[in-house]
Each structure stands twice: as structure tokens, then as C-alpha cells.
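Residue 293 in the UniProt record's numbering is what sits at position 293 of the sequence shown, and the numbering runs on without skipping anything.
Here the structure is laid out as C-alpha cells; the discussion comes afterwards.
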Amino acid sequence: MSAPESVTGPTTDDPAAEAQLTSLSTRAARQLTTTTKSEPQMQAISSRWLLKALPWVDVKGGAYRVNRRLQLRIGRGRVQFDQNGADDVKVIPETLTELPVLRGYPDIDVLREISTRFRVREVRAGQVLYEAGQPVTETYLVVHGRFTRYTAGKYGEEEILGVVADGDQMGDEAIGQSDPLWLSSVRAETPGVLLVLPWDVVREFTDRVPSLAAHLEAYAERQKLPMNRKGEADVPVQAGHVGEPTIDGGFVNYELAPREYELSLTQTVLRVHTRVADLYNDPMNQTEQQLRLTIEEIRERQEWELVNNREFGLLHNVDYGQRVSTFTGPPTPDDMDELLAMRRKTKVFLAHPKAIAAFFRQCNRRGLVPGTASVNGHEIPAWRGVPIFPCNKIPISPQHTSSIIALRTGESDQGVIGLYQTGIPEEYQPGLNVRFMGIDAAAIISYLVTAYYSMAILVPDAAGILENVQIGRTAD
1 MSAPESVTGP
11 TTDDPAAEAQ
21 LTSLSTRAAR
31 QLTTTTKSEP
41 QMQAISSRWL
51 LKALPWVDVK
61 GGAYRVNRRL
71 QLRIGRGRVQ
81 FDQNGADDVK
91 VIPETLTELP
101 VLRGYPDIDV
111 LREISTRFRV
121 REVRAGQVLY
131 EAGQPVTETY
141 LVVHGRFTRY
151 TAGKYGEEEI
161 LGVVADGDQM
171 GDEAIGQSDP
181 LWLSSVRAET
191 PGVLLVLPWD
201 VVREFTDRVP
211 SLAAHLEAYA
221 ERQKLPMNRK
231 GEADVPVQAG
241 HVGEPTIDGG
251 FVNYELAPRE
261 YELSLTQTVL
271 RVHTRVADLY
281 NDPMNQTEQQ
291 LRLTIEEIRE
301 RQEWELVNNR
311 EFGLLHNVDY
321 GQRVSTFTGP
331 PTPDDMDELL
341 AMRRKTKVFL
351 AHPKAIAAFF
361 RQCNRRGLVP
371 GTASVNGHEI
381 PAWRGVPIFP
391 CNKIPISPQH
401 TSSIIALRTG
411 ESDQGVIGLY
421 QTGIPEEYQP
431 GLNVRFMGID
441 AAAIISYLVT
451 AYYSMAILVP
461 DAAGILENVQ
471 IGRTAD
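Right, dumping it as C-alpha cells:
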């Protein structure tokens, strides 16, 4: 059985069939019309809210130096592990310098020897590692698991102080104390794996290795120096006095080796055939469309770098003291409040869209309705008045966890700023230029497209991260 003809007449190229029509077919009529075309579309274009939310500072000379007050309190890092099985877990010796007490210690041979003295210990969910007031007999490195710090409240209730997760440590704060005691209790909330170093081993090393003993003594003395609540060298001030007391004097000391951020870049070479550029430009200019989509791709990679780059990206440069872990796994309103409370004037939350959906599920379970914030004419979901911007550049781990980032922005608020340089040769957009590279023997025109950028966190509490955010659905 033959296929029926369309309502507009036959669709073949048979002249006899066309001759049987009583009017001009639409197919023939289209030969005299002009087709309206769209510009080339690109699925990978995202909202790129991070690029829009950052205040951009013009950096002359390609570098930006962040000057700070002298910091006396040494921040925490995170150690790393080499795991080749359930029982074959070792700490990477070089990463032991991430512990505040070993920061800057140069003898790698001693660090290697210390790393061999750690022993693997598995813990079960609900197991108490130690209780407040007990003597410190061991120091712990968390390989895997989630542990809760808690203490007895004023009226006998259990008061949660925080969560300890992968890469954190417990016990090194006892360095320099003659009879150290635990200040809080710790309980395992999930099954976990620890590396344990007995305190007697620490004493053995300090007695046997003079350089280590001197380093630990210098660390303990440094912690006794007067400092403010943020760990900066203190300036003596007096208040509330009467009469004519002698007022102490001092000065504000600066870091001697401040960090400098050099501009990074994203580049590509755009190639266009001269025949295409000469002939096929109506109704749209081919070179302009090629350049437009190329720049979109560069801007997408730029935002990815601002989140993930190891030198200046947020995920790798937020201070570990500004990182908190979710208490139960999914991002709850309580977790978001804790992240919000860690800094003043939080302007922005950034989260993967799936993390935002996970947070909304937790709000739904509590009967809460998150508000919205108006940003440049867009209604954005918000929590406590702070907009939650979607950012698909924040990765999702193989364990289906992600992170939520909170930022205070702007130079005047000592926040997070974007860096670029304007006025560069052949500038096409601020901080981005397009340079003609010539025409080769194959008649191909080449353009070098470059974006220059970086990011700076002016003070540690300008940015914070809620880590180990579970994004999967959980059974009710």
C-alpha cells in the first residue's frame, strides 16, 4: 500500500505530479522565500553567577598583593593518606606539616619516621573515642568517617560543638602542656578509620630529636604571645580607666611575606577559513558568531577555574578553619545557619543545583519555605536573605556529595574579589583580548583569544564551605 500524499500535495520531484496540482505547492513556493534563522545556539552556556557576583578589581602589572596583619596563630590544614586496602593505610609524611604543630618543620626524614608510628584503628558507629576531662594519651588523624565533638551543657544536656571528618586531626593541640586534658568528648557517628599515635611516642621523639623538640617548644612559646581573637598580633589598648594611668603603647605588625596573586589565563586559537569569512556573512557575520561562542566557552572555563583551580580556586583556598561539615549528611537549615554565622555580611551562597534541591527537601520536611532575593531583576532563592546562586562548576564526588560555598565580597568589606587587567592590547571585553595571528598557506585566518583573571580572598573568614553535602534522596 503506497504512502498517502501530504495535504500540501506530493513531496516528490516528479514533474508530472507537480503538473497535476491546481495551485502552486508550498515546496515550490519556498524556493522564492527567505528562511529566518537563529544565531548558533550553545547548550553549555550557564548562568555564571559567580562571575556576576564578584566585584572585579583592575590589576595593573598582572599581580595583586594581599597585605595582612601578622598572624601568630597557625591555621590547620589537612593531612593526606595512602590507602592500599582496609588495613594498609599510611599518612603521607610530607602532609604532616599541615598540622599546626609541625608547620614549617624541615626534616623530612623525621616526618617519615613519625608517619610509620601511626597505627590503624577502626571504630564503630556510636563509639566514644574519649570524654572531656580525660588525659590526652593519643593523637588521632581521621582517615574516613564522621565524628561529633560534644560536651555537657549548663543544665546537663548534650551540647554539640562541631563535626570532625576526613583529613582532620584531634589531639595535637595538647603540645606544650605538661598534663594535657581533653576539653570535649568525641563520638563516632558513622563507622570510621583512624590513624592513632600514642602520646608516649610524641615524647620519645622530642627526647631523641633535638630539632623537633626545639620546633615544638617554639610553637608552644608562640601560642603564649598576646593575640586577638583571630590570632593576629595584639595591640595593647585600655578602656574604662580613670585618673592618669600610664597607657601602654604598641604598633600593628604586618606579615613579612604577604601572598601575591598573579593573573591566570584561559586561551584558545580561533581558526576561520578566508572563503567563509569573505563570502558567507549574510545575514550573520561568520567570524562574529565563531568568536561569540568561543568567548562563551572561555567564560565557562574561567568560572570553573575560579572554583576548582588549586592555586586560587575557592575549593582549594578557603581556610580550613572556615570549613564545616554537615551534621547528618543532607544540607539542613541548621547547617546553613552555622555556615552563615561564621562571617559577617555574607553576600552570596554558591551551590550545585542538586545541592540546592537537597536543601529544599530538608526545608520541606520541616515545613519551612525559603525566601527569595531580587538580584539584577532576577528572583533568586535565598536563605536568611542571602541569595543561593546555582553553580554547576562545583563538583559532585563519586560518593554523591558536594559543597556549598558562602562568600563576603568586595575590597571595602575585606571580602572575596575577582582580579583582571583592563586596557590590554586589542581588548575585546574587559580582561579579554582577541589578537590577529595571520593567515597561513591554507588560507586559514587565526585569532588568539585570551582571558586574564584570578581571585583573591582578602581575609580568611571572607569565604567558608559547608562540606560533605549529601545530594541524594533519603528514605523517610
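Using N, Cα and C, we set each Cβ at its ideal position, and we do this for glycine too.
Between the C-alpha atoms of E157 and T151 there is a straight-line separation of about 8 Å. Judged by DSSP secondary structure, Q414 falls outside any alpha helix (DSSP H); it is assigned neither H nor E. P353: not part of any beta strand (DSSP E); member of the alpha helix (DSSP H) spanning P353 to R365, first to last residue. Rounded to the nearest whole angstrom, the CA to CA distance from P106 to A456 is 28 Å. Excluding its 5 nearest sequence neighbours in each direction, S115 has C-beta neighbours in its own chain below 6 Å: V91 and P93, listed in chain order. E173 and R117 have their C-alpha atoms roughly 19 Å apart.
In the structure shown, T151 falls within a strand segment according to DSSP collapsed to helix, strand and coil. Looking at the DSSP output, A277 shares a beta bridge with no other residue. Taking 7 Å as the cut-off, the Cβ atoms of Q421 and Y452 count as close.
Looking at the DSSP output, H144 shares a beta bridge with V193. Distance between I356 and L32, taken at the CA atoms: about 51 Å. In this structure P333 is in contact with Q362, their Cβ atoms being roughly 7 Å apart against a cut-off of 8 Å.
DSSP lists H273 as the bridge partner or partners of I444. Classified as buried, A358 has 16 or more neighbouring CB atoms from the shown chains inside 10 Å of its CB. Counting only runs of at least 4 residues, the stretch 14–45 fully encloses the following alpha helix (DSSP H) elements, listed from N- to C-terminal order: 15–19 and 26–29. Inclusion of G231 and R119 in the CB contact set at 7 Å is not warranted, their separation being larger than that value.
Nearest to L339 by C-alpha distance, out of I394, L466 and E122, is L466.
Where Q83 is concerned, the enclosing beta strand (DSSP E) starts and stops at F81 to Q83.
Within a 10 Å sphere around the beta-carbon of R229 sit fewer than 16 other beta-carbons, which makes this residue exposed. Our two residues, R292 and K52, have alpha carbons roughly 18 Å apart in a direct line. A check of alpha carbon separations from T266 across A29, G250, Q470 and I295 identifies I295 as the nearest.
The DSSP-derived three-state label of P398 is coil.
Leaving aside the five residues that flank G62 on each side, the residues in its chain whose CB is nearer than 8 Å to its CB run, in chain order, E262, L263, Q421 and Y452. Distance from the CA of V202 to the CA of V59, rounded to the nearest whole angstrom, comes to 47 Å.
Residue A165 holds the alpha-carbon nearest to the alpha-carbon of V324 among R65, A165 and E305. When Cβ pairs closer than 8 Å are counted between the two stretches, the stretch 120–136 is seen to touch the stretch 187–200, the count reaching three or more. In this model, R310 and D109 are separated by some 27 Å (Cα to Cα). CA-CA distance, E113 to Y155, rounds to 46 Å. Distance from the CA of H400 to the CA of G472, rounded to the nearest whole angstrom, comes to 7 Å. For S412, the closest of T34, E18, W56 and Y254 by C-alpha to C-alpha distance is W56.
As summarised for the stretch 262–326, the continuous beta strand (DSSP E) elements at least 3 residues long and confined to that stretch are 264–273 and 323–325, given in chain order.
In this structure, Y219 lies away from M170, with their beta-carbon atoms at least 7 Å apart.
The beta-bridge partner set that DSSP reports for V434 consists of V449. Assignment of beta-bridge partners to D58 by DSSP yields Y420. CA-to-CA, the gap between E159 and G464 works out to about 23 Å. With a cutoff of 7 Å on beta-carbon distance, V369 and P387 are scored as not near each other.
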